[in-house]
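A.B. asks: Read top to bottom, the protein sequences are chains P and R. Residue numbering for the first sequence follows numbering that gives the first Met the number 0, beginning at 0 and increasing consecutively. Residue numbering for the second sequence follows numbering that gives the first Met the number 0, beginning at 0 and increasing consecutively. Beta carbons: idealized from backbone N, C-alpha and C, even for Gly. Take a look at the following structure, please.
2 protein chains.
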Amino acid sequence: MPRTPSPSIPAQNIRVTLKDVASVAGVSAMTVSRVLNAPDTISAATVARVREAIASTGYVPNSAAKALRSSKSRLIAAVLPTLTGSVFLDTIGALTAALARRGYQLMVGQSGYSAIGEDQLITDIISRRPDGIVLTGVVHTDEGRRRLLASGIPIVETWDLTPEPLDVLVGFSHEAVGREVSRFLVGKGRRRLALIGGDDVRSKRRWTAFAKSARALGVPAPVARFVSAPTTLAHGRETLRALLAEHPDVDAIFCSSDALALGVLIEARAQGIDVPKQLAVIGFGDLNFSAQLDPALTTVRIDGPRIGELAAHCIVARALGEPLDERIIDVGFTIVEREST
Amino acid sequence: MPRTPSPSIPAQNIRVTLKDVASVAGVSAMTVSRVLNAPDTISAATVARVREAIASTGYVPNSAAKALRSSKSRLIAAVLPTLTGSVFLDTIGALTAALARRGYQLMVGQSGYSAIGEDQLITDIISRRPDGIVLTGVVHTDEGRRRLLASGIPIVETWDLTPEPLDVLVGFSHEAVGREVSRFLVGKGRRRLALIGGDDVRSKRRWTAFAKSARALGVPAPVARFVSAPTTLAHGRETLRALLAEHPDVDAIFCSSDALALGVLIEARAQGIDVPKQLAVIGFGDLNFSAQLDPALTTVRIDGPRIGELAAHCIVARALGEPLDERIIDVGFTIVEREST
DNA sequence: TTGAAAGCGCTAACAA
DNA sequence: TTGTTAGCGCTTTCAA
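Put into structure tokens, the structure is as follows:
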């Protein structure tokens, strides 16, 4: 019978309640509650006695009861397209850690890359009455935005500087990225620019600014190819092949992800194309392998963990009704120049 | 005042309760509850009337009240070391999706690679009264295991075939991986084996079996280098350099992750070492870029999403008190042979 | 097929 | 500093 708890385990039972602790300690339930939530208001002797009772009974508070009574769930919901291979992972990881430090738990919802199921997801989230919702790289249907807003739950959007945020926003301007990358490439003497991106809204916004800026700088109109998200190395290889077949004179490529860029690098080598001499390649994301590639990959770096930490700060402040210095935080980005351009 | 909800938004309010819906529909609260949870027991006409009232009021159930009364939270907690760069991501992603399909939400806890804070994490998790807990790649302190068990909450461990599972287990044998990889390499004529791994328990278990099997096959004792988790490409480069400096005759390397293996590949190329002629390289994880590398990387493939789906199946079955066919599920692994060996 | 009463475990509000 | 009362929103149980 290896699964029977050994007798050394205290009589911990999931059904131990505040009342049980109270009667063991010889105080009222309210006093136990105060020891847990505001020990300063209770005499040291009582606190000690109650703490002992808690330990001996193995009491663990019931968050559902707490949430029901106090209307505070200490739960934050995060919505992102998918967990798998996501550029948002560092953000979500940092968010989880920063929230845990503040006594909040994270609930994860994957919206997928389509709007299907989003409605159900939103209902599920609202039904938990989280103290806040962090949206990451998610574009909502109007209906979804409306329901989220109507719920009255504080919302922080991240990874995007939209013109009309729902409430608080922590991100950067994808337009600025597109513009600066095209300036950077043209500044390096490139004239036939191209972009390979995912078919998501953020990538499209970078493209629009990229193309517009290139034209303003007097070089020929760039060309673009879009692949279905999430973007992979294989996409990069295939798309470079197709792109060069049609536009052999392209001399610079902006890839929507470092994975795509790695694919481009590999395909270029396979075709005997010299990077950066014949072709400049710049990625997006600065994954941990990018600096180590040969040639080392020039890329756009976003401080994902910082976004997560700021989002945690903002959403907790909003949840507690504290004032926020700014409603829109631009974390910016950096073009990390390496060997591939 | 752009933040004031537009008047077209229905009077959705987070404070709409079952009672409100009931009075709008002209029925009792209990009837509304039944329409939501067991519509078959209610007449079609009443169902329609209640559904209308729900829509017009914008009612969203309160999970905390539901959980408190019914002792069912429809919440599953997942514990993993870290979200960032984790080999478990596909598993967690699939788990989240599979649970959502069954009406369950996922709560994420990061235990870190140390035991610090694990105790607090466990308390936080138990206090939510999740219907189940999925443990992924986490080795617990005895105290932690005891408290988890004492909580009475169903537990599924994943990614590991430990000799004494807490309850249900979905994983594979790290010993078998180590053994098979050494057999594979020796079968290819290699004799001076080496391993580069993370300093986690699973990696160490693979190493022990790898070394033992190699000796049994009559080749010299393999050498190993361990780096702090999570493993990166940079670790791979550095460690290969150090390893070859000391053991220049090594002719095969088993890396604990494909990221490490990529680093080894890059460093080998930088040093003018021919892979696979002079050095065979095998990774672990089969990341999406591994097949595209040059040379394409031989690696050990684990079906991460399958583990997540099976874990979802098991934990939900346990939560509902349904019988389970097996308590230990071995998903196995595959050595995917490519160009690097 | 529907309703009424009770209470899940906790804390806000008030009282002592 | 501590206790009492009431009730958060829902579902279990019993009754009709």
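Is residue 192 of chain R closer than 9 angstroms to residue 175 of chain R when the C-beta atoms are compared?
C.D. replies: no
A.B. asks: Whole alpha helix (DSSP H) runs in the region 289-338 of chain R with 4 or more residues, listed along the chain?
C.D. replies: 303-318
A.B. asks: What's the C-alpha gap between residue 330 of chain P and residue 219 of chain P?
C.D. replies: 31 angstroms
A.B. asks: Nearest by alpha-carbon distance to residue 84 of chain P: which of R:128, R:184, R:272, R:286 is it?
C.D. replies: R:286
A.B. asks: If residue 327 of chain R and residue 147 of chain R are in contact, beta carbons under 8 angstroms, what's the gap, nearest whole angstrom?
C.D. replies: Incorrect: roughly 18 angstroms between the Cβ atoms, too far for contact.
A.B. asks: Tell me the DSSP secondary structure of residue 157 of chain R in three-state form.
C.D. replies: strand
A.B. asks: Can you have a look at residue 95 of chain R and say buried or exposed, based on whether 16 or more other CB atoms are within 10 angstroms of its CB?
C.D. replies: buried
A.B. asks: From residue 40 of chain R to residue 33 of chain R, what distance separates their C-alpha atoms?
C.D. replies: Each residue's alpha carbon lies about 7 angstroms from the other.
A.B. asks: Tell me whether the beta-carbon of residue 306 of chain P lies closer than 9 angstroms to the beta-carbon of residue 90 of chain P.
C.D. replies: In this structure, residue 90 of chain P lies closer than 9 angstroms to residue 306 of chain P by Cβ.
A.B. asks: Residues of chain P with CB under 7 angstroms from residue 82 of chain R, in chain order?
C.D. replies: Going along chain P in sequence order, the residues near residue 82 of chain R (Cβ under 7 angstroms) are 88, 91, 92, 95.
A.B. asks: For residue 56 of chain R, go through chain P and note every residue whose CB falls closer than 7 angstroms to its CB, in chain order.
C.D. replies: Simply none; closest approach about 11 angstroms.
A.B. asks: DSSP has residue 106 of chain P in a bridge; who is on the other side?
C.D. replies: P:76, R:106
A.B. asks: Provide the residue span of the beta strand (DSSP E) that contains residue 283 of chain P, from first to last.
C.D. replies: Going by DSSP, residue 283 of chain P is part of the beta strand (DSSP E) stretching over 279-283.
A.B. asks: Answer yes or no: the CB of residue 187 of chain R versus the heavy atoms of the ligand FAD, is any distance below 8 angstroms?
C.D. replies: With respect to the ligand FAD, the structure shown offers nothing to examine, as it has no ligands at all.
A.B. asks: Check the Cβ of residue 122 of chain P against every Cβ in chain R and list those closer than 9 angstroms, keeping chain order.
C.D. replies: 59, 60
A.B. asks: Run down chain P in chain order and give the residues with a C-beta less than 7 angstroms from the C-beta of residue 241 of chain R.
C.D. replies: Residues of chain P passing the Cβ test: none, with the nearest at roughly 16 angstroms.
A.B. asks: Three or more C-beta pairs closer than 8 angstroms, one from the region 57-76 of chain P and one from the region 280-294 of chain P: is that the case here?
C.D. replies: no
A.B. asks: Is it the case that the Cβ atoms of residue 226 of chain P and residue 195 of chain P are separated by a distance below 9 angstroms?
C.D. replies: Contact check for residue 226 of chain P against residue 195 of chain P passes: the beta carbons are separated by less than 9 angstroms.
A.B. asks: Is there a Cβ of chain P sitting closer than 9 angstroms to that of residue 231 of chain R, yes or no?
C.D. replies: yes
A.B. asks: Output needed for residue 235 of chain R: all residues of its chain with C-beta closer than 6 angstroms, excluding positions within five of it in sequence on either side, in chain order.
C.D. replies: 259, 262, 263
A.B. asks: In the structure shown, what three-state DSSP assignment does residue 224 of chain P receive?
C.D. replies: strand
A.B. asks: According to DSSP, is residue 165 of chain P part of a helix, a strand, or is it coil?
C.D. replies: coil
A.B. asks: Is the shortest distance between the beta-carbon of residue 136 of chain R and the beta-carbons of chain P less than 9 angstroms?
C.D. replies: Output row for residue 136 of chain R: interface = no.
A.B. asks: Just how far apart, CA to CA, sit residue 180 of chain R and residue 173 of chain P?
C.D. replies: 45 angstroms
A.B. asks: Any beta-carbon of chain P closer than 9 angstroms to the one on residue 256 of chain R?
C.D. replies: no
A.B. asks: Would you say residue 236 of chain P reaches chain R, if we count a Cβ-Cβ gap shorter than 9 angstroms as a contact?
C.D. replies: yes
A.B. asks: Is it the case that the region 14-30 of chain P contacts the region 41-59 of chain P, given that we only count it when at least three CB pairs across the two stretches are under 8 angstroms?
C.D. replies: yes
A.B. asks: Going by DSSP, which residues form a beta bridge with residue 274 of chain P?
C.D. replies: Answer is none; residue 274 of chain P lacks a bridge partner.
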